[in-house]
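Engineer:
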Ligand code: NAP
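In the working numbering, the protein residues as written are 6 to 290.
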């Protein structure tokens, strides 16, 4: 809502025009009757420090941080929270009392759809891929007290480096996803999470290698991709009777958590989800 009292929020990234955060956040801000405005701001990597200082000087209430700035922003912040420290990345900044506070709301965003699962155990979890988003999911699984986490990757050296930081909190191991040991892990998993871009628009016929003949019949499939809303992996899993979760809930969940940090108010997730779906319409292949 624009008025003399309007406070500013936004998202910085490079590029950033594709970001869905402005539609979600402005819908929730309007629904709450709050005097804020949220805009997308392209920031070149070399200008990141100047942008952070500039947004503080301009009196912004806060901002989201997206690719490629989520790691590099940390050096320009005064403090970061525990999730951001564990994940090694920040996606939300609060400007308060002349300081910049960094948060990572991706882990809480990932956990948001779990409210619908009921109380299912997470003794054995399998995660496909070990990039930036996977790290937030490892942190989320630690919060959720998962028993063991098996991570399937195409490059096991990179995968082992990615899981190393989390090994003091949970039994987490990286495997080449062609390995028999990984097949064994996937056959025991109650939750199978895809964090690779395999299946993302426009490559909607791709999917990570999952042998449906060996997975548990009650395994939940969670794909964090949100375009399309149902990836090929989820379509195949759903056809076989598995409970499936798409990436929109995580996207809304991380945005709602950021909204709450800036405004101190609960975000209307239904409004955010509706705005997201409207914006995504036409992007689905
Ligand atoms: P990232 O940092 O680039 O990580 C991607 C991971 O997938 C890496 O482990 C990468 O392996 C692996 N990978 C990529 N292409 C592959 C292929 N062809 N075969 C096998 N493995 C492959 O990306 P990210 O930021 O984590 O994002 C990953 C996906 O999550 C994207 O689709 C993104 O849209 C989605 N996402 C969703 C949300 C949400 O809120 N729902 C949030 C963040 C991200 P290498 O290291 O070997 O390349």
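Don't be surprised by glycine CBs; every beta carbon is placed ideally from N, CA and C.
1) Do residue 43 and residue 16 come within 9 Å of each other at the CB atom, strictly closer than that value?
2) If we call anything under 9 Å between Cβ atoms a contact, is residue 153 one with residue 175?
3) Does residue 221 come out as helix, strand or coil in the three-state DSSP assignment?
4) Leaving out five residues on either side along the sequence, give the residues of the same chain with a beta carbon under 7 Å from the beta carbon of residue 29.
5) Helix, strand or coil: how does DSSP classify residue 276 here?
6) Roughly how many whole angstroms lie between the Cα atoms of residue 145 and residue 116?
7) I'd like to confirm the pairing. Which residues does DSSP put opposite residue 12 in its beta bridges?
8) Could you tell me which residues DSSP pairs with residue 232 in its beta bridges?
9) Taking 6 Å as the limit between beta carbons, can you name the residues of its chain near residue 249, skipping five residues before and five after?
10) Can you look up residue 121 in the DSSP assignment and give me helix, strand or coil?
11) Take residue 164 and list the residues in its own chain whose beta-carbon comes closer than 7 Å to its own, dropping the five residues that flank it on each side.
12) Between residue 76 and residue 64, is the Cβ-Cβ spacing less than 9 Å?
13) If you reduce the DSSP assignment to three classes, tell me which class residue 97 lands in.
14) If I'm right that residue 229 touches residue 200 with Cβ under 8 Å, what's the distance once you round it to whole angstroms?
15) For residue 272, is the classification buried or exposed, using 16 other Cβ atoms within 10 angstroms of its Cβ as the cut-off for buried?
Structural biologist: Per the coordinate set shown:
1) Position 11 of the chain shown, counting from 1, holds the residue named residue 16. Position 38 of the chain shown, counting from 1, holds the residue named residue 43. Yes; because the gap between Cβ atoms is below 9 Å, this pair is in contact.
2) Here residue 153 corresponds to residue number 148 of the chain shown, with the count starting at 1. Here residue 175 corresponds to residue number 170 of the chain shown, with the count starting at 1. Cβ distance < 9 Å, so residue 153 and residue 175 count as in contact.
3) Within the chain shown, numbered from 1, the residue matching residue 221 stands at position 216. In the structure shown, residue 221 sits in coil (DSSP, three-state: anything other than H, G, I, E or B).
4) Within the chain shown, residue 29 is the residue found at index 24, counting from 1. Around residue 29: 257, 260, 277, 280, 281.
5) Here residue 276 refers to the residue found at position 271 of the chain shown. Reduced to three states, the DSSP call for residue 276 is helix.
6) Here residue 145 corresponds to residue number 140 of the chain shown, with the count starting at 1. Here residue 116 corresponds to residue number 111 of the chain shown, with the count starting at 1. Distance between the alpha carbons of residue 145 and residue 116 is about 7 Å.
7) If you number the chain shown from 1, residue 12 lands on position 7. Paired residues: 41.
8) The count along the chain shown starts at 1 and reaches residue 232 at position 227. Bridge partners of residue 232: none, in fact.
9) By one-based count along the chain shown, residue 249 stands at place 244. Cβ neighbours of residue 249 beyond the five flanking positions: 226, 239, 242, 243.
10) To locate residue 121, count along the chain shown from 1; it is residue 116. The answer is helix: DSSP assigns residue 121 an H, G or I state.
11) On the chain shown, position 159 is the one that residue 164 refers to. Only 135, 156, 158, 179 meet the Cβ criterion.
12) For the purposes of this step, residue 76 is taken as residue 71 along the chain shown, with counting starting at 1. For the purposes of this step, residue 64 is taken as residue 59 along the chain shown, with counting starting at 1. Cβ distance not < 9 Å, so residue 76 and residue 64 don't count as in contact.
13) Against the chain shown, residue 97 aligns to sequence position 92. Reduced to three states, the DSSP call for residue 97 is strand.
14) Position 224 of the chain shown, counting from 1, holds the residue named residue 229. Position 195 of the chain shown, counting from 1, holds the residue named residue 200. Indeed, because the Cβ distance is near 6 Å, the residues count as touching under 8 Å.
15) Here the question's residue 272 lines up with position 267 in the chain shown. Classification for residue 272: buried.
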